[in-house]
Amino acid sequence: MSATTTVAAVAPVTRRVRAYFAPVNRSAGVPTVFDPAQFGRFPAQTPPAPWIDLGWVSKFARKCSTRVDPLRAGAPAVTVGQVRSEIEATVSLEFEVWGKLQVTLASGSQQTNLLTTVAGAMPNGSGGVAAAPIPLAVGSGLASTATGLNVGATAAAGFSVGNLVAVDVDYTGQLGYVGTSVSAAYVQSASAVGGDVNYVRRVTLNVGVIVAIAGGVLELGSALPAGAPAIGMQISPLVGFCDREGASFFQEWSALFVMDGAQGDRVLFHYPRLQTMQGSAEVEDALTAPLERIRLAGAFRALPVKDGNDGETVLCFRSYLPAALRGI
Amino acid sequence: MQNAKDTFYLTLRGRLAALNPARTTVVRGVVRPGILVEENELPTIAVLVDAFRLNWTALRVDSVGPLPMVTMECSIRYATDGESGNGGMDRGRLLAGMDAELASALCIPPQTTAKMNYSGASAGVAPIAMGTNVFWADPIFGDAAMVGERLERTATVQVFAHQEAGEL
Chain A
141 MSATTTVAAV APVTRRVRAY FAPVNRSAGV PTVFDPAQFG RFPAQTPPAP WIDLGWVSKF
201 ARKCSTRVDP LRAGAPAVTV GQVRSEIEAT VSLEFEVWGK LQVTLASGSQ QTNLLTTVAG
261 AMPNGSGGVA AAPIPLAVGS GLASTATGLN VGATAAAGFS VGNLVAVDVD YTGQLGYVGT
321 SVSAAYVQSA SAVGGDVNYV RRVTLNVGVI VAIAGGVLEL GSALPAGAPA IGMQISPLVG
381 FCDREGASFF QEWSALFVMD GAQGDRVLFH YPRLQTMQGS AEVEDALTAP LERIRLAGAF
441 RALPVKDGND GETVLCFRSY LPAALRGI
Chain B
237 MQNAKDTFYL TLRGRLAALN PARTTVVRGV VRPGILVEEN ELPTIAVLVD AFRLNWTALR
297 VDSVGPLPMV TMECSIRYAT DGESGNGGMD RGRLLAGMDA ELASALCIPP QTTAKMNYSG
357 ASAGVAPIAM GTNVFWADPI FGDAAMVGER LERTATVQVF AHQEAGEL
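Line order of the protein sequences matches chains A and B. Position in the first sequence (from 1) plus 140 gives the number in this note's numbering. Position in the second sequence (from 1) plus 236 gives the number in this note's numbering.
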């Protein structure tokens with residue numbers, strides 16, 4: 141039997157970094173854990189559930205601020221060992237696209253949907269009093285799904301292709317983290333949000349864009365992050381997104397960054413818990429004067445998790461999947 | 237290095253043919269996809285229009301690391317006179333079409349492919365897959381130039397490959 145020979149290992153050559161998002165259960169403090177042993181080779185454009193593709197990022201920079209100090213003994217003192225006295229890691233990057241998730245993560249704080257207002261609403265910096273929500277049809281026609289919202293023919297006539305919609309539950313006095321699927325804000329008291337029935341839809345990340353309307357169903361361009369709407373959810377049209385410098389909420393997400401090597405190898409960086417560490421920021425990329433492309437800039441601090449294999453406190457998992465038949 | 241050159245050419249040929257099967261040319265009486273490597277053809281001063289003509293120019297070898305990395309520059313020239321039925325007034329459109337085809341073919345992911353050894357390949361004999369990949373950067377497009385009534389452009393692309401043990 142002749143043995144297959146391996147090729148000498150080489151340093152990965154990569155073109156760019158792709159980012160993926162998954163929610164952290166803020167109430168329970170439980171992140172989404174990515175298992176590179178099971179899913180490390182997923183196709184770049186179709187990450188395993190519940191991971192969501194954030195597209196390419198640039199200026200991806202990891203910074204380790206973990207402090208290693210010498211442990212000295214004797215006279216004169218001699219270093220006899222080392223100890224980690226601080227564990228810290230940060231990540232900074234620039235998103236290549238302005239999607240809802242990207243804008244939210246780079247916002248530094250809570251991100252607000254600019255819900256369509258009622259006629260004559262008083263002006264407000266993050267949007268005035270919202271119009272009444274539209275209920276999802278129940279018990280008649282097609283059931284709503286993650287990509288199709290059945291509102292009935294009459295209500296559907298009030299929407300147009302291209303409209304943006306937020307889909308979530310009514311605010312009925314919930315306290316703590318709100319937002320279906322992804323914790324989008326923290327409510328300290330009902331009075332703080334004025335008992336606004338639309339408040340959860342005002343902050344939710346469960347949004348979509350209408351690409352077709354047929355038979356009373358609003359077809360969305362991509363699946364809602366929270367999946368098929370639950371009973372009681374309603375729809376609020378929106379015109380865009382808003383974040384606020386100085387707001388108190390800290391965004392937190394489970395992050396995965398993938399670098400595909402030219403030889404078929406792959407490097408993965410998994411931060412189970414990343415919290416924003418700066419306010420909303422943009423970076424101008426000069427094209428030809430006076431044109432500038434504006435990228436969303438984000439900076440995040442890693443928070444710890446316990447590795448189930450040995451209980452170690454960990455901020456980031458770096459995995460390397462070699463190309464086929466490489467020397468290791 | 238020849239394996240990398242052959243692999244890049246045949247990959248680009250396949251992608252261009254898939255994008256626009258109608259872009260063909262006739263070389264020595266044979267209809268082929270509209271792309272050729274000039275050093276592989278009979279020398280001629282005639283300019284083949286409405287086809288992509290590849291030339292390998294600069295070469296650099298980085299011997300740091302267990303496998304030397306070869307960087308080759310591929311110069312891709314293309315020209316059009318426009319359609320005679322249109323009096324050549326569509327030459328800008330035709331050049332733009334070739335620009336788009338080339339950009340798409342070179343920038344479609346993945347911008348990497350398995351290196352193949354075609355030296356022994358023939359009808360019924362498949363090329364041999366090597367152990368590493370060929371990969372390339374995004375193309376850089378030069379200015380469009382008018383030569384008489386002809387419109388032409390040159391794009392360059394950096395092609396990279398690792399030189400495997402025993403490979404010439």
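Ideal Cβ positions, reconstructed from N, Cα and C, are used throughout, including at glycine. Computed from a predicted model, the values in this text were never measured in an experiment.
Contact of residue 291 (chain B) with chain A by beta-carbon distance below 8 Å is absent, the smallest such distance being about 23 Å. Spanning the alpha carbons of residue 288 (chain B) and residue 270 (chain B) requires a straight line of approximately 6 Å. Chain-order list of chain A residues neighbouring residue 369 (chain B): 402, 403 and 404, by C-beta distance under 7 Å. With a minimum length of 3 residues, the unbroken runs of beta strand (DSSP E) contained wholly in the stretch 203 to 244 of chain A fall at 207 to 213, 218 to 226 and 229 to 235.
About 6 Å separates the beta carbons of residue 385 (chain B) and residue 324 (chain B), which is inside the 8 Å limit, making them a contact pair. With contacts defined as CB atoms closer than 8 Å, residue 271 (chain A) and residue 256 (chain A) qualify as a contacting pair.
The residue from A:419, A:464, A:452 and A:321 with its alpha-carbon nearest to that of residue 250 (chain A) is A:419.
B:331 is the residue among B:331, B:345, B:355 and B:358 whose C-alpha sits nearest the C-alpha of residue 391 (chain B). In terms of Cβ geometry, residue 347 (chain A) and residue 311 (chain A) do not form a close pair [threshold 8 Å]. Only exposed fits residue 179 (chain A), as fewer than 16 other CB atoms lie within 10 angstroms of its CB. Taking all protein chains in view, the Cβ of residue 386 (chain A) is surrounded by fewer than 16 other Cβ atoms within 10 Å, so the residue is classified as exposed.
Counting along the chain, residue 381 (chain A) sits inside no alpha helix (DSSP H); it lies in the beta strand (DSSP E) bounded by residues 374 to 383.
Residue environment for residue 276 (chain B): exposed (fewer than 16 other C-beta atoms within 10 angstroms of its C-beta). A distance below 8 Å separates the beta carbons of residue 437 (chain A) and residue 423 (chain A). As for any beta strand (DSSP E) of minimum length 3 sitting wholly inside the stretch 282 to 356 of chain A, the runs are 288 to 290, 304 to 308, 316 to 318, 325 to 327 and 347 to 354, ordered along the chain. Using a CB distance below 9 Å, the part of the stretch 288 to 322 of chain B facing chain A consists of 301, 302, 303 and 305, ordered along the chain.
Straight across, the Cα-Cα distance linking residue 190 (chain A) with residue 365 (chain A) is about 8 Å. In this structure, the alpha-carbon of residue 318 (chain B) lies about 36 Å from that of residue 359 (chain B).
Under the 8 Å criterion on CB atoms, residue 400 (chain B) is classed as interfacial with respect to chain A. Using beta-carbon distances, residue 271 (chain A) does not count as an interface residue toward chain B, since no partner is under 8 Å. For a Cβ distance threshold of 8 Å, residue set 302 of chain B lies close to residue 149 (chain A), ordered along the chain. For a Cβ distance threshold of 7 Å, residue set 402 of chain A lies close to residue 348 (chain B), ordered along the chain.
For residue 465 (chain A), a Cβ of chain B is located within less than 8 Å of the residue's own Cβ. A:149 is the residue among A:384, A:218 and A:149 whose C-alpha sits nearest the C-alpha of residue 402 (chain A). Excluding residues up to 5 positions away in sequence, nothing lies with its Cβ nearer than 8 Å to the Cβ of residue 345 (chain B) in the same chain. When Cβ-Cβ separations below 8 Å define contact, residue 153 (chain A) makes contact with chain B. Note on geometry: alpha-carbon atoms of residue 240 (chain B) and residue 350 (chain B) lie some 9 Å from one another. Contact between residue 375 (chain B) and residue 338 (chain B) holds: CB atoms are separated by about 7 Å, below the 8 Å threshold.
Within the same chain, Cβ atoms closer than 8 Å to the Cβ of residue 197 (chain A) are found at 156, 157, 158, 159, 233, 234, 235, 236 and 397, the five residues on either side in sequence being excluded.
The residues 237, 306, 307, 308 and 309, in chain order, have a CB closer than 8 Å to that of residue 295 (chain B) in the same chain once the five nearest residues on each side in sequence are set aside. For residue 334 (chain B), the enclosing alpha helix (DSSP H) covers residues 327 to 343. Boundaries around residue 391 (chain B) are those of the beta strand (DSSP E), 386 to 398, since no alpha helix (DSSP H) includes it. By the Cβ neighbour-count rule, residue 203 (chain A) is exposed, with fewer than 16 other Cβ atoms within 10 Å of its own. Taking residue 184 (chain A) as the centre and dropping the five residues before and after it, the same chain places the C-beta of 158 closer than 6 Å to its C-beta, in chain order.
The straight-line gap separating the alpha-carbon atoms of residue 364 (chain B) and residue 176 (chain A) is approximately 32 Å.
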